[in-house]
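Enquirer: Let me begin by handing over the structure; questions about it come next.
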Amino acid sequence: MANQIPEEIQKDPELTKAIEQVEHWPTSPWLLPWNYSFEIRKTVWRIRQAGSKRVALQFPEGLLLYACVISDIIERFTGADSIILGDVTYGACCVDDLTAIALGADFMVHYGHSCLVPIDVTTIKMLYVFVDIAIDVDHVRSAVALALLLSNLMNGLLLLGYLLMWMVAAY
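Going by this note's numbering, the letters in the sequence shown line up with residues 6 to 176, in that order.
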């Protein structure tokens, strides 16, 4: 129970509205994609729980384009300032806790894969968000089926073309 997100965060109507607005990605391409799990409720809860005033957000290059939207939500629902760490570290998994400390952060959220430096070894309170990406299996299945159908159709047309050329050449 100690690690469960409290109900007041789970059912916060304003937070839910903010998350739902950013999850309508197909119609709003500048917001968060619907199939990425950034664990926003968990992040809000952990920042509130820690009583943090300044939060460093570290993203790998591939997720950096979502940083401003996430930063806005975090600031709005935690009251903490946020800093987006845009520098590329040695590897996307490397935690840049020293830069976060140098910038006055008292909490850090590391997005993406990680080499999992233990949170009791870092110089700052940490939260790892691994960002699960869901795959729409039905869409993939449909796309593959369409590609195979088109491939078969093209092969059939090619064969028909050869037959027509053979018939014309035979006369």
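Note that CB positions come from ideal geometry on N, CA and C, so glycine has one too. Computed from a prediction, not measured in an experiment: that's the story for all the values here.
Would you kindly work out how many angstroms separate the C-alpha atoms of ALA110 and HIS144, rounded to a whole number?
Expert: 42 Å
Enquirer: Can you tell which of ASP77, PRO38, LEU69 has its C-alpha closest to the C-alpha of THR48?
Expert: ASP77
Enquirer: Whole angstroms are fine: how far does the CA of HIS118 sit from the CA of VAL149?
Expert: The alpha-carbon atoms of VAL149 and HIS118 are separated by roughly 29 Å.
Enquirer: Enumerate in chain order the residues of its own chain whose CB-to-CB distance from VAL136 is below 7 Å, with the five nearest sequence positions on each side excluded.
Expert: TYR41, SER42, PHE43, LEU68, TYR116, GLY117
Enquirer: So, using beta-carbon positions, are ILE124 and MET131 closer together than 8 Å?
Expert: yes
Enquirer: Which of the three DSSP states is assigned to ALA85 in this structure?
Expert: coil
Enquirer: To the nearest whole angstrom, what separates the beta carbons of LEU90 and LEU62, a pair I think is in contact under 8 Å?
Expert: With a beta-carbon spacing of about 7 Å, LEU90 and LEU62 fall inside the 8 Å limit used to define contacts.
Enquirer: How many Å lie between LEU103 and CYS120 at the Cα?
Expert: 16 Å
Enquirer: Tell whether a beta-carbon distance below 8 Å holds between MET113 and ALA107.
Expert: Not closer than 8 Å, so no.
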